[in-house]
């Protein structure tokens, strides 16, 4: 019942009202006018044809009363919608020229066809009105205007009566051309998009699909077009080709050979070719080798920007992971850096390849409670691999722990019993490593009595919160910023003098904390409570630009002139920030690497919000 309710809600909100289209006002208005103009005209034309008894065994009769007059006005208004939408489309392509917009033959074909259909419709209506000159003629407000023009040009009722059937046939012909062209033009999304919105997966956007019975499954990932599910194939055909995903993709913006739109459109083309050509012998069709190119397959950071922009909820990052699974688990063809990272996780249990016995070195001298099976605690602190093995992020973890101790929070850690959450392996496509690590952690978690898990890493957060449930682990998981918000009063953050941080600070939204888990307020509230001179980058919140580390990007080698973190650093420079605050260890690393590579390491400080708060509180106490 809940599923049906959600499907109906989605259909109303995103198919009929098209709420996601409105994220860009101009194209939103344009698309709304075209969609509803065409839809109303199609329905109205069908009603008219039924009155003419051309295609039905019965005749529909509409009395020439108030309801009919309303019908006339709605049809004329729908025609105006189409014409205005067409004009807006032409202006957009010829004047505005957004770089992400498609410029294919079918764009102009559809524009021309819609224009001709509307003009033919208005002319047909005018001839009908002139031939009869009914008293209610004015109710067809556009038809009457066109009629008066033809009357002024000398068209008599007799001429109009003779011409009317020909214009009817022309209108019908154009309508048939429109219908016949639907499968071959972008207008097919009028049918496919609502259908996909109805059938789309309701799985949390932060959770990838699990490979069931991975030990027994022969096919891992997707290397062949027919290995996608029918719903996934439908998503390819439903794509509007609008370019909104490409417009916000950090890989595309950085010059890498990847575009989510190109990926989906290429998969659609492969599916069509497989259907039409059958690979020459009726066998299934292999995916294009272009999709397995290193720069294409591994450039996606799975940041989720495309997910927030797609009007119909297509999920390109999941298709990327499908391809990666095939590459890592079936063919073994992957960049050396990816292979090295996965081997580190297999052999040492972490992407850094550090000895697992070093996992607790970050806690030296902090007197952190290590939990044993059967122990009780309010908060289980899951430090994660970055906190354990990256020297810079060890300092972040130490700051966070000091804050917890100041607030007298009851917490503990798993110590050497903690294992990598497996997120990196899963996004890189190695589902087997992920499942092994997830099962290990879940078993360890179940031996401890705790209320909630807290982690500083948004990647760990997303995995533990949204993906471990697939493996039987249902836990309440929160981010460190959320816990710090809860204990802010105990830390007296609002009493800080505010002299720990000098200059302007800008906060960078982590993709996995923001877009995947909808947490934008907690870090900002903490910074504001601490009396930080905070300034927003142009791209922030849901529109934040990725640092480049997600989806395994932390470990993938990229050309120096195509690094995503360099473009993101520029956003901070543009607002003249002296400090960049992050809430993710990967983001912190990427910002520092970018700053150092550009020689700005001394000018631009990069801190985690835990470090910022500690500095502010310590400043108060000095």
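In this note's numbering, the protein residues as written are 168 to 789.
The C-beta atom is built at its ideal place from N, Cα and C for all residues, glycine as well.
Q. DSSP three-state call for residue 505: helix, strand or coil?
A. It is helical.
Q: Could you round the C-beta distance between residue 389 and residue 493 to whole angstroms and report it? I think they count as a contact, below 8 Å.
A: 6 Å between Cβ atoms; contact.
Q: Say whether the stretch 474–484 touches the stretch 350–368, bearing in mind that this needs 3 or more beta-carbon pairs closer than 8 Å, one atom from each stretch.
A: As far as the Cβ criterion goes, the stretch 474–484 touches the stretch 350–368, which means the pair count is three or higher.
(Q) Taking DSSP's pairing of strands, which residues face residue 646 in a bridge? (A) 622.
(Q) Between 598, 187, 745 and 690, which has its C-alpha nearest residue 384's C-alpha? (A) With distances taken between Cα atoms, residue 384 lies closest to 598.
**Q.** Alpha-carbon spacing of residue 409 relative to residue 354, whole angstroms
**A.** Using only the alpha carbons, I get a separation of about 12 Å.
Q. Just reading off the alpha helix (DSSP H) that residue 737 is part of, what are its end residues?
A. Per DSSP, the continuous alpha helix (DSSP H) segment holding residue 737 begins and ends at 731–741.
Q: Could you check the C-alpha separation between residue 428 and residue 468 for me, to the nearest Å?
A: A straight-line Cα-Cα distance of about 15 Å links residue 428 and residue 468.
Q. Taking three-plus beta-carbon pairs below 8 Å as touching, is the stretch 727–747 in contact with the stretch 672–686?
A. Touching, per the Cβ criterion.
Q. Taking the DSSP output, what are the residues bridged to residue 773?
A. Answer is 747.
Q.
Just to confirm, is the Cβ distance from residue 629 to residue 679 under 7 Å?
A. For residue 629 and residue 679, yes; Cβs fall inside 7 Å.
Q. Ends of the beta strand (DSSP E) at residue 674?
A. For residue 674, the uninterrupted beta strand (DSSP E) segment begins and ends at 672–674.
Q. Quick one: what does DSSP say residue 779 is sitting in, helix, strand or coil?
A. Shown here, residue 779 sits in a helix according to DSSP, grouped into three states.
Q. Would you call residue 329 buried or exposed, if buried means 16 or more other Cβ atoms sit within 10 Å of its Cβ?
A. Per the 10 Å Cβ criterion, exposed.
Q.
Here's the rule I'm using: 16 or more other beta-carbon atoms within 10 Å means buried, otherwise exposed. How should residue 623 be labelled?
A. Here residue 623 is buried. Its C-beta has 16 or more other C-beta atoms within 10 Å.
Q: Assign residue 590 to one of three DSSP states: helix, strand, or coil.
A: Three-state result, residue 590: helix.
Q: Report all residues from its chain with a CB closer than 8 Å to the CB of residue 760; omit the five preceding and five following residues, and keep chain order.
A: Taken in chain order, the residues that qualify are 732.
Q: Return the chain-ordered ranges of every alpha helix (DSSP H) run that is complete within the stretch 177–222 and spans a minimum of 4 residues.
A: Within the stretch 177–222, the complete alpha helix (DSSP H) runs of at least 4 residues are 192–219.
Q. What residue range is occupied by the uninterrupted beta strand (DSSP E) comprising residue 548?
A. Under the DSSP assignment, residue 548 falls in the beta strand (DSSP E) whose first and last residues are 543–548.
Q) Pairing CB atoms from the stretch 702–722 with CB atoms from the stretch 643–660, are three or more of them under 8 Å? A) With the cut-off at 8 Å, the stretch 702–722 and the stretch 643–660 do not touch.
(Q) Using 7 Å as the threshold, is the C-beta distance between residue 236 and residue 303 below it? (A) Cβ distance < 7 Å, so residue 236 and residue 303 count as in contact.
Q: Spatial neighbours of residue 546 within its chain, please: CB distance less than 8 Å, with the 5 preceding and 5 following residues excluded, ordered by chain position.
A: Closer than 8 Å at Cβ, skipping near neighbours: 571, 576, 577, 578, 579, 617, 618, 619, 620, 621 and 650.
**Q.** Residue from 614, 375, 584 and 192 whose Cα sits closest to the Cα of residue 632
**A.** Taking each of 614, 375, 584 and 192 in turn and checking the Cα distance to residue 632, the smallest one comes out for 375.
Q) Which residue spans inside the stretch 454–484 form an unbroken alpha helix (DSSP H) run of at least 4? A) As far as the stretch 454–484 is concerned, its whole alpha helix (DSSP H) runs of at least 4 residues are 461–464 and 472–476.
Q.
From the DSSP secondary-structure annotation, give me the bridge partner or partners of residue 701.
A. When DSSP reads this structure, residue 701 sits in a beta bridge with 672.
**Q.** Opening and closing residue of the alpha helix (DSSP H) in which residue 293 lies
**A.** Its alpha helix (DSSP H) spans residues 272–299.
Q) Relative to the C-alpha of residue 453, which residue among 418, 712, 490 and 473 is closest? A) Nearest in C-alpha terms to residue 453, of all of 418, 712, 490 and 473, is 490.
Q. Which class does residue 578 belong to by DSSP, given the choice of helix, strand or coil?
A. DSSP places residue 578 in strand when its eight states are reduced to three.
Q) Cα separation between residue 323 and residue 312? A) One C-alpha to the other measures close to 15 Å.
(Q) So if DSSP puts residue 517 in a beta bridge, which residue, or which two residues, is it bridged to? (A) According to DSSP, residue 517 bridges with nothing at all.
(Q) Which of the three DSSP states is assigned to residue 712 in this structure? (A) Shown here, residue 712 sits in coil according to DSSP, grouped into three states, outside any helix or strand.
Q) Comparing alpha-carbon positions, which option in 785, 336 and 716 lies nearest residue 417? A) When only C-alpha atoms are compared, the closest one is 716.
Q) Cα separation between residue 601 and residue 425? A) The straight-line gap from Cα to Cα measures roughly 25 Å.
Q: Return the chain-ordered list of same chain residues with a C-beta closer than 7 Å to the C-beta of residue 419, the five sequence neighbours on each side being excluded.
A: Closer than 7 Å at the Cβ level, and outside the excluded window around residue 419, lie 413, 425 and 426.
Q.
Rounded to whole angstroms, what is the Cα-Cα separation between residue 363 and residue 614?
A. The straight-line gap from Cα to Cα measures roughly 42 Å.
Q) In chain order, what residues of the same chain have a beta carbon less than 7 Å from the beta carbon of residue 696, not counting five sequence neighbours either side? A) Cβ neighbours of residue 696 beyond the five flanking positions: 655, 660 and 661.
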